[in-house]
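Numbered according to our numbering, the sequence shown spans residues 326 to 645.
Every residue gets a Cβ at the ideal spot worked out from N, C-alpha and C, and that includes glycine.
The structure displayed is predicted, hence computed values, not measured ones.
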Amino acid sequence: MSEERSSLSSLSRRGFLAAAGLGTATAVFAPRLLFAQETGIVPTMINAAARAKIDVQPLRRAISVLEGSGGNIAVLTGKGGKLLIDSGFTVSRARIAVALDNLSSDPITQLINTHWHVDHTDGNAWVHSAGATITAHENTKKRLSTSTRVEGWSYTFPPAPAGAIPTTVFDDEHHVHHNDTRIALKYYGPAHTDSDISVLFEEADIIHVGDTWWNGFYPFIDYSTRGSIDGMIRATERNLTTVTDKMIIVPGHGPVGNKAGLTEYRDMLVAIRHKVAELKKQGKSLSGTIAAKPTAAYDAKWGQFLMTPAIFTGLVYSGV
Ligand SMILES: [Zn+2]
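Here you go:
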């Protein structure tokens with residue numbers, strides 16, 4: 326991850342130059358454009374995915390995780406066809422397809438989305454065209470079906486194409502039996518968005534918790550679609566009551582982890598929420614709160630990815 330992270334901005338610059346057909350000489354005279362490009366989180370994520378190699382990590386039984394295209398993709402292989410959790414970015418299609426072929430020759434038959442965000446659903450259309458039916462929380466269908474603004478990303482997403490829309494949706498809980506594996510899907514309630522679910526592979530004791538956990542990074546919280554810091558903390562508390570010490574936990578972003586790592590993350594969220602709330606109660610503005618550095622004790626470990634200490638402080642401030 327660290328290698329990938331350190332190269333994010335240069336990847337994004339190369340992606341921009343390639344897309345715009347500009348050479349470096351021209352780029353020198355276009356600093357504003359470059360700046361805008363590099364601070365846009367969505368283009369940064371897409372450009373990183375366009376360059377990243379797909380890492381495949383076998384977990385337990387027939388379940389693996391693919392890292393490198395937006396959110397972590399979990400894959401269950403078997404005679405009934407592959408079941409995917411999340412679909413990454415479309416720009417990674419060729420490399421994801423190769424990684425999937427290397428796992429087994431089974432076709433893709435099922436896709437489950439952990440939530441509606443583009444870095445987890447952009448590949449839905451091609452995965453569906455490859456043969457998958459798509460299952461998700463009803464709010465994932467709702468958000469993908471219409472134009473949706475995410476203020477925190479300064480980005481408005483158009484409606485997703487018809488093939489990308491989930492056709493099996495649920496409200497609270499849903500169960501899937503696939504390749505002799507029981508899979509339990511549960512809605513968190515509003516947390517990171519209003520569409521987040523956990524996906525538990527019961528026999529393998531592996532849970533995908535979507536973007537309720539960014540392992541090793543301050544998480545994004547999407548207030549535009551009803552996420553909040555308190556919802557994130559509630560979801561994390563629920564994860565902690567669900568998971569055991571032996572369970573493998575697949576986060577939305579970052580390396581596969583365990584209960585100890587998730588506990589540390591909960592403690593970080595709770596501590597920063599407390600500090601930011603105190604500062605806001607004292608009457609501090611957002612900029613005053615950021616200047617007081619309420620995240621300082623955590624920045625070396627958690628503040629080195631897309632969500633900088635200042636951005637994350639702002640996300641917490643919005644919700645206390
Ligand atoms: Zn997300």
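Is it right to say residue i is buried, meaning 16 or more other beta carbons lie within 10 angstroms of its own, or is it exposed?
i, result
"THR614", "buried"
"VAL641", "buried"
"SER612", "exposed"
"THR471", "exposed"
"THR415", "buried"
"LYS626", "exposed"
"GLY321", "Nothing in the structure corresponds to residue 321, since the chain is present only between 326 and 645."
"PHE354", "Residue confidence is low: PHE354 scores 37 on pLDDT, short of 50, so the model does not pin down where it sits. Its coordinate-derived value is still stated next. Per the 10 Å Cβ criterion, exposed."
"VAL475", "buried"
"ASP519", "buried"
"LEU631", "buried"
"ASP444", "buried"
"ALA585", "exposed"
"LYS618", "exposed"
"ASN438", "buried"
"SER479", "exposed"
"GLY456", "exposed"
"PRO382", "Before going further, note that residue 382 is Gln rather than Pro in the sequence given. With fewer than 16 other Cβ atoms within 10 Å, it is exposed."
"GLY348", "Unreliable placement is indicated for GLY348, whose pLDDT of 34 sits below 50; the coordinate value is still reported in the next sentence. It counts as exposed."
"ALA616", "exposed"
"PRO356", "Residue placement at PRO356 is flagged as unreliable, the pLDDT there being 37, under the threshold of 50; the coordinate-derived value follows with that caveat. PRO356 is exposed by the Cβ-count criterion."
Hey, would you say residue i sits closer than 9 Å to residue j, going by beta carbons?
i, j, result
"PHE545", "GLY477", "yes"
"GLU498", "ALA487", "no"
"HIS442", "ASP530", "no"
"ILE388", "LEU401", "yes"
"THR620", "ILE597", "yes"
"GLY393", "ASP380", "yes"
"ALA602", "GLY552", "no"
"SER523", "GLY541", "no"
"LEU594", "ILE558", "yes"
"ALA374", "LEU384", "no"
"THR550", "THR473", "yes"
"ILE459", "THR506", "no"
"VAL568", "ILE532", "yes"
"PRO592", "ASN583", "The amino acid occupying residue 592 in the given sequence is Asp; Pro does not appear at that position. Contact: no."
"ILE554", "SER643", "yes"
"GLY413", "LEU428", "no"
"HIS440", "ASP496", "no"
"LEU425", "THR446", "no"
Is residue i near ligand 1, in the sense that its beta carbon is under 8 Å from a heavy atom of that ligand?
i, result
"HIS517", "yes"
"PHE545", "yes"
I want to see whether chain D comes within less than 9 Å of residue i, judged by CB atoms only; does it?
i, result
"LEU594", "Included in the structure is just one protein chain, with no chain D present."
Could you tell me which of the options sits nearest to residue i, measuring between CA atoms?
i, options, result
"VAL575", "THR537, ARG598, PRO619 and MET593", "THR537"
"TYR590", "VAL601, ASN564 and ILE379", "ASN564"
"HIS503", "HIS442, GLY405, ILE597 and ASN583", "GLY405"
"ASN397", "TYR480, GLY448 and ARG598", "GLY448"
"ILE433", "ALA635, THR439, VAL452 and THR446", "VAL452"
"SER430", "ASN438, LEU408, SER417 and HIS440", "LEU408"
"HIS500", "HIS533, LYS511 and SER643", "LYS511"
"PRO484", "ALA461, ALA457, ASP592 and LYS466", "LYS466"
"THR481", "THR633, GLN629, TYR623 and GLY365", "GLY365"
"GLN629", "LEU469, GLY579 and LYS605", "GLY579"
"ASN461", "ILE490, SER454 and ALA455", "Note that residue 461 is Ala in the sequence shown here, rather than Asn. Of the candidates ILE490, SER454 and ALA455, the one whose C-alpha sits nearest the C-alpha of ALA461 is ILE490."
"SER454", "ARG468, ASP426 and ARG418", "ARG418"
"PHE526", "TRP539, SER643, GLY556 and MET572", "MET572"
"THR369", "LEU391, LYS378 and GLY395", "GLY395"
"VAL645", "LEU425, VAL581, LYS606 and GLU528", "LYS606"
"TYR623", "ILE371, GLU528, LYS378 and TYR543", "TYR543"
"ARG386", "ARG376, ILE371, GLY403 and LYS378", "GLY403"
"LYS600", "THR633, THR638, GLY577 and GLN435", "THR638"
"GLY577", "LEU604, THR561 and TRP539", "TRP539"
Those runs of the beta strand (DSSP E) which lie wholly inside the stretch 518 to 580 and span at least 3 residues = Runs of the beta strand (DSSP E) spanning 3 or more residues and lying entirely within the stretch 518 to 580 occur at 522 to 526, 531 to 533 and 573 to 575, in chain order.
query = So which residues put a beta carbon under 5 Å from any heavy atom of ligand 2, going in chain order?
reply = What this structure holds is ligand 1, not ligand 2.
key: 3-residue-minimum beta strand (DSSP E) runs that sit fully inside the stretch 360 to 394, ordered along the chain   = Residue ranges of uninterrupted beta strand (DSSP E) with 3 or more members, entirely inside the stretch 360 to 394 and ordered along the chain, are 380 to 385 and 388 to 392.
request  = Scan the stretch 470 to 519 and note each continuous alpha helix (DSSP H) run of 4 residues or more that stays entirely inside, going in chain order.
outcome  = List check, alpha helix (DSSP H) in window: nothing returned.
Beta strand (DSSP E) runs wholly inside the stretch 402 to 464, at least 3 long, in chain order = Note on the stretch 402 to 464: whole beta strand (DSSP E) runs with a minimum of 3 residues are 407 to 410, 433 to 437 and 458 to 462, in chain order.
key: 4 or more residues per run - each alpha helix (DSSP H) lying fully within the stretch 597 to 639   = Taking only runs of at least 4 residues, the alpha helix (DSSP H) segments lying wholly in the stretch 597 to 639 are 611 to 616 and 624 to 627.
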